[in-house]
Amino acid sequence: MSAPQEGYPPQGYPQQEQYGEQQPQPGFGAAAPPPAEEHHDTHGGKKKKRGYAAQAYDFGAGGNAALGGQPPNPENFAPVGAPAYGGYPAPAEQPAYGANQPYTDAPQPAAAYGQSALGGLGGYQAPQQAGYPAPGAPPGGDVGGITQGMGQMGIAPQAAAPGAGGAPKVALNQLYPTDLLNQPFNVAELELPPPPIILPPNSSVTPSPDANSSHKYVRSTLNAVPTTNNLLKKSKLPFALVIQPYSSLHDADDTVPVIQDQIISRCRRCRTYINPYVTFLDHGHRWRCNMCNLTNDVPQGFDWDAATQQSVDRWQRAELNHAVVEFVAPQEYMVRPPQPLVYLFLFDVSYNAVNNGLLATSARTILDSLNRIPNADRRTRLGFMAVDSSLHYFTVPKDGEENGETNMLVVSDLDEPFLPIPQELLVPLSESRANIETFLTKLPGMFQNNVITTSCMGSALRAGHKLISPLGGKLVVLTATLPNVGYGKLDLREDPKALGTSKENALLQTQNSFYKSFAVECSKNQVSIDMFLFSSQYQDVASLSNLPRYTGGQTYFYPGWSAVRSEDAIKFASEFSDYLSSEIGLEAVLRVRATTGLRMNTFYGNFFNRSSDLCAFPAFPRDQAYVVEVAIDETLTKNFICMQAAVLHTTSNGERRIRVLTLSLPTTTILADLYASADQCAITTYFSHKAVERALSNGLESARESLQSKLIELLQTFKKELAGGNMGGGGLQFPANLRGLPTLFLGLIKNLGLRKSAQIPSDLRSAALCLLSTLPLPLMMQYIYPRLYSLHDMPDNVGIPDPETNEIVLPSPLNLSSERLVPYGLYLITDGQTQFLWVGRDAVPQLLEDVFGVPDRTQVKVGKSSLPELDNDFNERIRAVLLKCKDYRSRGVGSIIQPHLYIVKEDGDPSLKLWAQTMLIEDRADQGVSFQQWMGTLREKVMQ
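Take 315 as the starting number for the sequence shown in my numbering and just add one per residue.
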């Protein structure tokens, strides 16, 4: 039995909406469906199906009408026999596409590829391999799982050691080529899990379904690994891991087994942590490392529970059953005792920050969030500094002290700022709570008449670093002014004439080397920096974002922010409060180990690379992902390999821990296996990080060109090596599992961070580049290819909880083309950072009444807004959909982002409409090409 993949095989999908049996969507070559028949009330008289479209037109409803709701959770798979991976319906007029022949390694004429009528648009059927029952057969499997544990203990006869190369080859994912021009990509495919990881039978020491890492934590660009570097080079595919060690901001939502007994068994040579893929020898007294093959002793106490003074069943130990575990670390994992959590807030109190309400809103939010700041061990310390042309320190006394007044000390010497008494500036939250509350209440009033317009934030950062470096911790910068005096002084260099030209590239570079060198200094002293930037003017995000980039922090950008607009104030207060509540790992390091022959080559993300394979994080955030490029240095002889990421950190409550994530992948010598097991979302995430690096070093044009040439190289390689050089009939062949890659690359090239345009201020561009190099994979996919939902014709099950999962059901997403929009429609477009509610110019009065509570379109308020809460079923369901789009927990990611909602009328404010339309990336806009032009260019280049 192959090691189960988080409930993976059988390779099907939920019964409720079988992709292979969907009605074709209008625009996929099928005629628009007839109007739906009237639905009778099914919910106690509450539901009244409103015919918003039918009132305006006789013909069919919008793009969603034929589709049921999107399955709420793509991780629940249906029994074998459900439609295959990525299976979409063939358009009704087309005959089935060839006979369903499994792919062999020899090139064949294109006509021989195909799939059954059920697989339709290049779906792939579950291959008949060891461990997968035939379609229709009971999913019983063999007895391998039962005998496995016995075999490990020497009770059953054992064949060759797992991974030793003695076992027969297991059939991996089959390759199903598809024609990109005639069988278009459907956005719903992005919700599907990656191609299954098919390991040889008995690869793990226990038959646990969690023995391999879930794709929530680690994704590989290749779910089958080439045995040689030559094969990898020949494939032109990248080999990299996307690592997201945490799936939530809070431990309570991220349940990973914690091993408390401090018995940590590691390989003596390569320091790998014991995991489900080791082999036990010598009657269980020793274990062989699955990375370097060294034999190690099993530690004393491994089979003993010191707490209950009883022996324990080894096969129940979490580290042998779970690929993702957390060890409580003993003393030897500490360079010094665990430090307390320290937050030093640097408030901009210059005219801009007082005038736009930043000072008052941030002070109020901290005050309201004091209970949310992690403080389980009652050691958390807070400090406060105010910054204009001088530095203002505040000494907050402990509660109950005779002189309970907070004192302010002003320092004007910016070259060598004098540091007052540190112990009075960083105070324990638990011991000074009342005085901190009093101080935060009074703070805005202290500076309400400030007219100073300059900021010495660079000098303040140096002083803050000096203050907290003995302990380490976080510098939290809240600023609305360009740092224009003192250290790190920046000039107003934005030049509208440079935008869209080669001169723009200089605006994306830091203009003062202080910001990188200072960040590296901070990293060495365990100081992390988070930037909250608010401005109606140029703020040089390009320079300031270096501070978080090298210290494991993040840049949060609020352009044109003003607390006078309630939407702005609510968004920031909500995000900042969630930020303060988030648990973080202090004094953290990340290292990735792998089977002999593999090497971690390049690391991407916000951290400082302390050595070739060690990434340092003064604070480890919960809302970011990291990419690691893997090199193949030697021929891989095992039939599967392992890679293990370990994050050593101190928890928010002062406990030293190691989070370990182990991923095992099969190896192959066959090029077709690589393409059939490639993960298009992980590949896109990898190239997003590469493109950001390229844009910052060589410029935007170079980044865009390298993305296009990489895609052409992959298409050409596939044509030459696997499609027999045959592109007959004018098609463009590519594997079904990579069908979204051209669309995703187009989305990346047209993203705010990279797209060719003379309209994008460099601050907005720099902030977008920060997101493209830090977002967790599910959010990255949505940021690159936003979601478009049709709301006026939602099926009855959308916007209400699914009876089985209790999750709100979303509509089926539509491809991002204006062809999908009907003039009487209501649509939601969201990239995870911003939401647009698009109101068609012919929207019927009843729709406007139900959604906005106004009788006609002229009264719909456009721009930044929120949806009114009305007492009708349709309004409730739309609000539920908007809320569900912000539900990060169900998507397995941590994020504080609360997207703004903009209401856009099709015939309203032209600039707002234009902004919303830039998200329709399959359309031609600004200086970008349409999807049809893009595919035409790709085909032309591939054919040359």
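Note that the Cβ used here is the ideal one computed from N, Cα and C, for glycine as well.
The way I'd put it, the region 1209 to 1229 doesn't touch the region 1097 to 1114; fewer than three beta-carbon pairs between them come closer than 8 Å. Contact between residue 534 and residue 555 holds: CB atoms are separated by about 6 Å, below the 8 Å threshold. Counting along the chain, residue 968 sits inside no alpha helix (DSSP H), nor does DSSP assign it H or E at all.
Taking the Cα positions, residue 689 is about 33 Å away from residue 796.
Runs of the alpha helix (DSSP H) spanning 4 or more residues and lying entirely within the region 743 to 780 occur at 747 to 760, in chain order. Residue 1104 places its beta carbon less than 8 Å from that of residue 1141. A straight-line Cα-Cα distance of about 15 Å links residue 1125 and residue 1149. Ranking 490, 496, 486 and 1186 by CA distance to the CA of residue 1046 puts 496 first. Going by DSSP, residue 1107 is part of no alpha helix (DSSP H) at all; its letter is neither H nor E. Cβ neighbours of residue 1009 within its own chain (closer than 7 Å, five residues either side excluded): 822, 1017, 1068 and 1083.
Look at residue 1152 here: in three-state DSSP terms it is strand. The beta carbon of residue 748 lies closer than 6 Å to those of 713 in the same chain, with the five residues before and after it left out. The DSSP-derived three-state label of residue 875 is coil. Within the same chain, 1013 come within 6 Å of residue 819 by CB-CB distance, once the 5 residues on both sides are set aside.
Taking a cut-off of 8 Å for Cβ pairs, the region 658 to 667 and the region 786 to 794 touch, as three or more such pairs fall below it. Going by beta carbons, residue 952 and residue 981 fall inside the 8 Å limit. Setting aside the 5 residues that flank it on each side, residue 990 is surrounded in the same chain by 417, 438, 486, 487, 488, 489, 490, 509, 538, 1049 and 1051, each with a C-beta closer than 8 Å to its C-beta; the list follows chain order. Counting other Cβ atoms within 10 Å of its Cβ, residue 671 reaches 16 or more and is therefore classed as buried. Pairing residue 840 with residue 924, the inter-Cα distance amounts to about 12 Å.
Distances from the CA of residue 864 to each of 870, 1138 and 830 were compared; the closest alpha carbon is that of 830.
Per DSSP, the unbroken beta strand (DSSP E) holding residue 956 starts and ends at 954 to 964. In this structure, the alpha-carbon of residue 1160 lies about 11 Å from that of residue 1138. Counting other Cβ atoms within 10 Å of its Cβ, residue 1185 stays below 16 and is therefore classed as exposed.
Under the three-pair Cβ rule at 8 Å, the region 845 to 854 does not count as touching the region 1056 to 1071.
As DSSP reads the structure, residue 1179 sits in a beta bridge with 1215.
If you ignore the 5 residues before and after residue 1232, its C-beta comes within less than 6 Å of the C-beta of 1239, all in its own chain and listed in chain order. Its Cα nearest to that of residue 625, the residue 616 stands out among 1098, 616 and 633.
Around residue 869, the same chain offers 845, 859, 862 and 1084 as residues with beta carbons nearer than 6 Å, after the five sequence neighbours per side are excluded.
Leaving aside the five residues that flank residue 567 on each side, the residues in its chain whose CB is nearer than 6 Å to its CB run, in chain order, 1203. In summary, residue 1092 is buried, with 16 or more beta-carbon neighbours lying within 10 Å of its beta-carbon over all protein chains present.
Unbroken beta strand (DSSP E) runs of no fewer than 3 residues, entirely contained in the region 783 to 869, are found at 787 to 793 and 841 to 849, following chain order. As the crow flies, the alpha-carbon of residue 1076 is around 30 Å from that of residue 657.
Beta bridge pairing from DSSP links residue 554 with 943. Look at residue 1209 here: in three-state DSSP terms it is coil, with no helix or strand label. In the three-state reduction of the DSSP assignment, residue 487 falls in the coil class, being assigned neither a helical nor a strand state. Contact holds between the region 708 to 724 and the region 732 to 747, because three or more Cβ pairs, one in each stretch, are under 8 Å apart.
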